[in-house]
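Take a look at the structure set out below.
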Amino acid sequence: MLFVSMLIMGMIIGFIGIGGAGITIALLTVGFLVPIHTALAVALSAMVFTTMSGAYSHFREGNVIPKTGAVLGISGMVGAFLGANVSNIIPSDILGKMSGSIMVLSAVLLYIKVYQPEWLNKHFPPRDGLLEGHKLYIYGSIAGCVNGLISGAFGIGAAAFIQLTLMIIFGVPVLYAIGTCMMVILPISIAGGMGYFLNGQLDLMIFIQTLVGQSVGAYLGAKLTRLAPRPILKFFMVAMSASGGLVMLLLY
1 MLFVSMLIMG MIIGFIGIGG AGITIALLTV GFLVPIHTAL AVALSAMVFT TMSGAYSHFR
61 EGNVIPKTGA VLGISGMVGA FLGANVSNII PSDILGKMSG SIMVLSAVLL YIKVYQPEWL
121 NKHFPPRDGL LEGHKLYIYG SIAGCVNGLI SGAFGIGAAA FIQLTLMIIF GVPVLYAIGT
181 CMMVILPISI AGGMGYFLNG QLDLMIFIQT LVGQSVGAYL GAKLTRLAPR PILKFFMVAM
241 SASGGLVMLL LY
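See below:
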């Protein structure tokens, strides 16, 4: 039953083009009563494989700023590993509500990015030109560590946080922000997943069913994306991201 559910979810994720960690955590905890720490471990570890192909594809297409991505990715690994260990000592009931709150905040940021780009550019104008020199390493280390901490502690990819950070602070154009974000998420998910694994929180059977189900489903769902009207895709991108957080806040 878990595999079938993840297969269906994978099709939805592939269809609308989101990471799906939040809704995965909600389904595992509320739908299948998986302990929250295990659900976070599974979601973050599965993200390693689901982002790997995407990051490689963006890199081959030249949609990545390697230097910026490397700085945020390496520092993000430190934050993610630390976040996984911090998460391990937070009580389950508190962690569930905190994760839900972060998911809702992520959905709000995604809504602003998708539906209110003019407001975003007016109040948080992107930096004019790429951030370089020693500021790149200082700001990158801080931003990467913070985003990694959020991802590791709450089991999400933090894509909305990372993309906005790249555009506003580091001056990365929108197209490159998407590819560079995937480059940053990959090492973060590896370090976070390793942190949960070393704490004994990763259930391999649940992980395998989740990974295989979502991977196959996402491959099938992605083939249908071009058939859907853009407004429908935008709506479900935000709705799916928000639903995971709301389920955690209301039902967990």
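Note that our numbering gives residue 83 to position 83 of the sequence shown, counting from 1, and the numbers run on in steps of one. Note that the Cβ used here is the ideal one computed from N, Cα and C, for glycine as well. On a predicted model such as this, the values are computed, not experimentally measured, just so you know.
Taking C-beta atoms under 8 Å as the contact rule, M9 and G20 qualify, at a distance of about 7 Å. Secondary structure note for R60: its alpha helix (DSSP H) is the uninterrupted segment 36-60. Only exposed fits S57, as fewer than 16 other CB atoms lie within 10 angstroms of its CB. When the Cα atoms are used, K122 and V34 turn out to be separated by approximately 43 Å. Judged by their CB atoms, A41 and Q201 are nearer to each other than the 7 Å cut-off.
As the crow flies, the alpha-carbon of V108 is around 8 Å from that of A242. If you look at R230, you'll find it in the alpha helix (DSSP H) that goes 230-251. Check the Cα spacing between F15 and each of V78, L44, V48, I232: the tightest is with I232.
Between the region 183-198 and the region 81-97 there are three or more C-beta pairs closer than 8 Å, enough to call the two in contact.
Between the C-alpha atoms of F32 and L2 there is a straight-line separation of about 8 Å. In its own chain, leaving out the 5 sequence neighbours on each side, no residue places its CB closer than 6 Å to the CB of T50. With 16 or more other Cβ atoms inside 10 Å of its own Cβ, S5 counts as buried. When DSSP states are grouped into helix, strand and coil, F15 belongs to the helix group. Residue burial annotation: T24 is buried, with at least 16 other C-beta atoms found within 10 angstroms of its C-beta. N88 sits in a helix when the DSSP states are folded into three classes. In the displayed model, F32 falls within coil according to three-state DSSP, outside both helix and strand. Nearest C-alpha to L7 among A26, V212, G96: V212. Looking at the backbone, the Cα of F207 and that of D128 are separated by about 42 Å.
Only buried fits A39, as 16 or more other CB atoms lie within 10 angstroms of its CB.
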